[in-house]
Every structure is written in C-alpha cells, then in structure tokens.
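Residue numbers (the working numbering), protein chains in the order written: chain A, 539 to 861; chain B, 539 to 861.
Glycine residues also receive a C-beta, built at the ideal position from the N, C-alpha and C atoms.
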C-alpha cells in the first residue's frame, strides 16, 4: 500500500489536468511527443502539479498513447510534477509499474453492463484484477499509488440510474482490494449537484483522511455545478481538461471533460486556493492549440477573460511553500 | 403596490424565459412577430408560464422590440401566461402600463459607474424614477407588478468588485420606492456560487415571502453552478434563455444568458419540480432556430439529449393543479 497523502496533502484542493489522457481518449489527432512535453511545461508553469499523461494500452488500438513512456520521462524535468497513467488490465499495470509514473488509475465500472462492455469482464473479475495489480505494485514498486477509477458512478449510458449505495460499496471493495484511493467518474454527464453533494459526504465517511477523486464530464452542462457541489462538500481532488477536451470526435462541439480553466476559475471564485495562475493556465491552452490545431476547445473563461476582480488573479505561493 | 405572490406562488420554483427580451438585447437579427408568437406557444406547450416579451424603448434604437405590444397581445391566447417587459425610464413604463403586460422590469445598476453609463443618470435619480414608475402604476394599473432589476449585482465590468451589503441596501431602497419585487443580475458573469449563496440568504432575509429573481449570465462558465447555489439557498425565480441567447453579436459563441433548457435540466436533477417538460423545451429550441436561423444556440442538453433516467423526463402535473 502506498500513501496517497503525500501527493495529495490533506486540507489542499488539487485540480488535476487530464488533457493528455482522457482528453485524447477518443481523438483521431494527437500532439507529437514534443507537443505533449510543451503542454506539460506550460501546465507546470501555471501551477499544476498533477497531470494524467496517457494510457498503457496496445499501441495499435490507441496510437495516441504510444509515447506514454517518453512523456512520463519528461516529468522528471518538472519539479514536483505528479504523473498519472491509466491501465485497463494487469498487463497495462505491469508496464506502468516498469516506469516512474507516480500513480496508476485502474478503471472499474459502477454498472455491471458497462463494465462488461468496456472491459469485457464482470465487476467481480475487475475487482480481482485490481487486487492483482495492487499485489504487483507491492512487489515491483511499493511507492506507486493505485487509484481505482469508478466509471459511470452517477448514471450509466447502458443501464440508466446507478444506485449510490452500490457505488459506495464498490468503492469500499476497491480499497479492500488494495487501491490507495478511489475516484468517482460521471462518465456520461448524468449527475446533478445534490447527487454529487450526497456522494461526497458519503465518500468522506468512507475515505476519511484519504483523498478521493471527482472526475466530471460536462456532457449535459452541469459539470461545473457538480464541481461546486463537490468542493462544497469536502471533495478536494478534481479532474479537468484544457478546453474541455475529450468530447466525441464524431459530434463536433460535444462536451467532454469539464473545462480545466473554468474549473480553476470556479475554485478561485469560491475562495479556494489551488496554486493555479489563471492567466498562465489560459496561456497553456494556447500551447495545446499549437500542439493540436484542430482541437475543438470549449470554455468560457478563455473567451471572456478574467473579471476585474483583482483577488482572482493574485498569484499563489502555495507551491513555493510545499514543493 | 401589486401582489407578486399570485404570479409567483410561495414554495414554487419558477423558471422564466427571457429569450425574446434579453436574448435579443444586442442582436442584429430578430424573429418576426409571427415567429415570436410561435416561440411563446412552444414555451407554453413546454410548461413555461413566465416570459419576457420585449422592451419599451424607442423603436429607432431597438427595432427588435418595436412589436412589443403585439407580442403582449398574443399572451392572452395562452392561459396562465405571465408576461414581463422591460422599461428603462418613466416614458417606457408609461407605455408598458398602457398594455396588459403583467410585470414591468425597471433596471437600476448596483454600480454607480455602470448606472451612469447605461441609464445616463445617477443611482439616486434612478431610484427616484422607480418611485415615479410605482406611483404611475398605482394610478394607471394597480395590478401591474413592478420588478426592480439590479444590474451588475455581483461585479461590474467598469468598477470591478461590487459590495454585497451595498447591493442589499439598494434592493431595500427599491422595495421602499415601491417595487413589488427585486431581481439580482450577474450581468457580466462575475459571480461565484458561494457569493450567490450568501446573497440568496441575505435576500431571503430582506424579501421574506416576496419573490426575488436571480438573473444569471454564463459569461465565464459558472452560470449553472451559480443557479444551483441559488436553488440550494432559497431562490425560487430564475431566468434563462433558450440556447443561452443573448451573447454579444460581435463575439460569436460568447455566452449570454444561462441556457434555459440546461437550467431546467439542472432543476430536474436537483429534484425540483418546475412544471417544465424537457423534451418539449428542446422542441421549443427548434422553434427558435426556425424563427431566427442565424441564432448562435449554445447548450449541452439539446446536444447530448436526456440521460436514461426516467424520473427526469416524467411530465409534471403542476400546471393542471394551479392553472
């Protein structure tokens, strides 16, 4: 078991960038390795310290992640940068553990139907695989964090409603299986803010001092309302992608992840310190646009600019204190 | 003094459509009167009962509202439909009082600088004008509701931060001047959810059983997060425009009002009955697209469709009970 509390110190709200993994999950175009490296540098300059960098999947299925090892290697040049990579199975986790990536996300679905469609096995089999990944970690690289990412945690595009009690029970079983932390993902944008608030309170009860991740998509426009509810109810690790990257390539303009820069603005407006410089984050969006010229970037803050309230734009000294 | 509690019964959350007024405020194209009539019919079919129908302004300055009287006349064909028109000054209010429009919004700005730029007079002069409008109402049509809409209530594009205590004091002075209700407008999208929550609690203290309106723009992406905070803290009258109409015509894609259909979905996801049929509301969006083919319609729900959770799509019997 690894201690996720070092990478996610208690009492700090941490926004993670998932542009280079979830943002590219369904894309047909992706940045070069140099472009990914430039983006990571820009995110670091903006104060981000937690980035998803790719997936360990067969390169013939997901060529956008074929350079995941090189991308992980570039993180060493950026002090304090915490990399996260996704693994769908034991093989992927084994490959990830052979690198220096700090955290490995293993996906399991809250919906049995989606778990079978996505991973081609049952939830019970996915839980057994998670236990094997945790055991592998214990033997190969005990410091690596295993995060169990629970997809469809607030509703499923196949089965519809998802029972919160069942999700909590699954989260508990993931921790029992050896995960160091758990994430709840609103994969297809079914959640509403009161559902998030209720889940957040329950997760706090389950996880105690351990961090847990809220991974929201903006499919139906409620992404930031849900993020605000999470922040109001104790969630302190949230994911977002620059420009909301991660929509379906077959539906231009369809919303994917919540927009990282709008999420950072939300946190600032709520008086929550994240260590992120909003101006620099908007600049990072420009780096993404250079690296991926056809990316359909969404987001309101970059379009409208910061408001005339100086408190928002104040630089933070969080990182100088902790990194 | 009119009783706003009839049009806005206590204990009910009411979403108002502002497409035909605020949605057209800065447009260079607008629907024909027949198109506006078709839109009002579609909104009524979707369960909406509160609609902004236009402004009383000189037709040479705002030709999009030159048919406001005919639009008001069409409301009589739609049982239970409550029309709202905007007036910038005593002359406009006088003209509005000569029609059957149920409610007249008189605008005053929370920022002295913006009030002078927008209305070319001081806040004190605008308050005096509001008192004159209320007196005019008392003599001409005592049943007409006067709503004092406070622009820039959460931040101003000219002066920056706006003090909440000053806004509350201004709201109180508006009620003292004869307004039946007050609205707080985040005109340029400066607010965050905790600011809204705090203002909502204070407004409840000030207004008691009287309704007050939360009028949000989505300029920086926080519109629905702010709406959720309002709903969580006692606000029960919220404005939105189909497709978020109302952005700047010179900035394609710039967000205007919060998207009405996404707002209605938010309320449904929060377990709040509004009497709105989401499928029919999405159909109304199509009527708007027919009436205004070049309108840059935003919004996630119409693009993504309703989730597979049957509770959301259930028709409501609120209107059969109350209208």
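### Message
For residue 723(A), count the other beta carbons within 10 Å of its own beta carbon; 16 or more makes it buried, fewer makes it exposed. Which is it?
### Response
buried
### Query
Is the shortest distance between the beta-carbon of residue 649(B) and the beta-carbons of chain A less than 8 Å?
no
### Query
Identify the residues that DSSP records as bridge partners of residue 621(A): which are they?
589(A)
### Query
Exposed or buried, which one is residue 601(B) when buried takes at least 16 other CB atoms within 10 Å?
exposed
### Query
With which residues is residue 750(B) paired in a DSSP beta bridge?
720(B)
### Task
Using a Cβ cut-off of 8 Å, pull out every chain B residue sitting near residue 724(A), in sequence order please.
What residue 724(A) touches in chain B: nothing, since even the nearest Cβ is about 10 Å away.
### Task
Please report how far the alpha carbon of residue 674(B) lies from the alpha carbon of residue 696(A), in whole angstroms.
59 Å
### Where residue 660(A) sits in the DSSP three-state scheme
coil
### Message
Would residue 794(A) and residue 784(A) qualify as a contact pair, given that the criterion is a beta-carbon distance under 8 Å?
### Response
yes
#### Entry: Own chain, CB closer than 6 Å to residue 597(A), minus 5 neighbours either side, in chain order
604
### Task
Using a Cβ-Cβ cut-off of less than 9 Å, give me the residues of the region 754-768 of chain A that come near chain B, in sequence order.
756, 757, 758, 759, 760, 761, 762, 763, 764, 765, 766 and 767
### Message
Need the endpoints of the beta strand (DSSP E) that residue 732(B) sits in, please.
### Response
Per DSSP, residue 732(B) belongs to no beta strand (DSSP E); it is in the alpha helix (DSSP H), 731-745.
### Message
I'd like to check one pair, residue 829(A) with residue 583(A): are the Cβ atoms closer than 8 Å?
### Response
no
### Residues from the region 699-733 of chain B in contact with chain A, defined by Cβ distance under 8 Å
699, 726, 727, 728, 729, 730, 731, 732 and 733
### Cross-chain neighbours of residue 835(B) in chain A, by beta carbon under 9 Å
Within 9 Å Cβ-Cβ: nothing; residue 835(B) doesn't reach chain A, min ~11 Å.
#### Entry: Which listed residue (813(B), 846(B), 781(B) and 607(B)) has its alpha carbon closest to that of residue 840(B)
781(B)
### Query
Nearest to residue 827(A) by alpha carbon, out of 542(A), 547(A) and 576(A)?
576(A)
### Query
Under 8 Å between C-beta atoms, does residue 793(A) make it to chain B?
yes
### Residues that DSSP places opposite residue 683(A) in a beta bridge
641(A)
### Task
Rounded to whole angstroms, what's the CA-CA distance from residue 543(A) to residue 748(A)? Just pull it up for me.
6 Å
#### Entry: C-beta contact flag for residue 771(B) and residue 727(B) at 8 Å
no
### Message
Whole angstroms are fine: how far does the CA of residue 580(A) sit from the CA of residue 845(A)?
### Response
22 Å
### Query
For the beta strand (DSSP E) that contains residue 778(A), what are its first and last residues?
775-778
### Query
How many whole angstroms separate the CB atoms of residue 802(A) and residue 553(A), which I take to be in contact at a CB cut-off of 8 Å?
6 Å
### Task
Rank 709(A), 613(A), 758(A) and 729(A) by C-alpha distance to the C-alpha of residue 742(A) and give the top, closest one.
709(A)
### Query
Buried or exposed: which applies to residue 737(A), given that a residue is buried once 16 or more other Cβ atoms fall within 10 Å of its Cβ?
buried
### Task
Taking the CB atoms as reference points, tell me whether residue 768(A) and residue 759(B) lie closer together than 8 Å.
no
### Message
Within 8 Å, do at least three Cβ pairs link the region 608-626 of chain A to the region 589-596 of chain A?
### Response
yes
### Query
Along the chain, where does the alpha helix (DSSP H) that runs through residue 578(A) open and close?
571-583
#### Entry: Against chain B: residues of the region 804-837 of chain A by CB proximity under 7 Å
804, 807, 808, 809 and 837
### Query
What number of angstroms, rounded off, separates the C-alpha of residue 611(B) from the C-alpha of residue 833(A)?
47 Å
### Query
Does the separation of the CB atoms of residue 815(B) and residue 585(B) fall below 8 Å?
yes
### Message
Does the CB of residue 797(A) have a neighbour CB from chain B at under 8 Å?
### Response
yes
### Query
Smallest Cα separation from residue 822(B): which of 835(B), 665(B), 664(B) and 810(B)?
835(B)
### Task
Return no unless some Cβ of chain B is closer than 8 Å to the Cβ of residue 736(A).
no
### Task
Give every residue of the same chain whose Cβ lies closer than 7 Å to the Cβ of residue 637(B), excluding the five residues on either side of it in the sequence, and list them in chain order.
607 and 610
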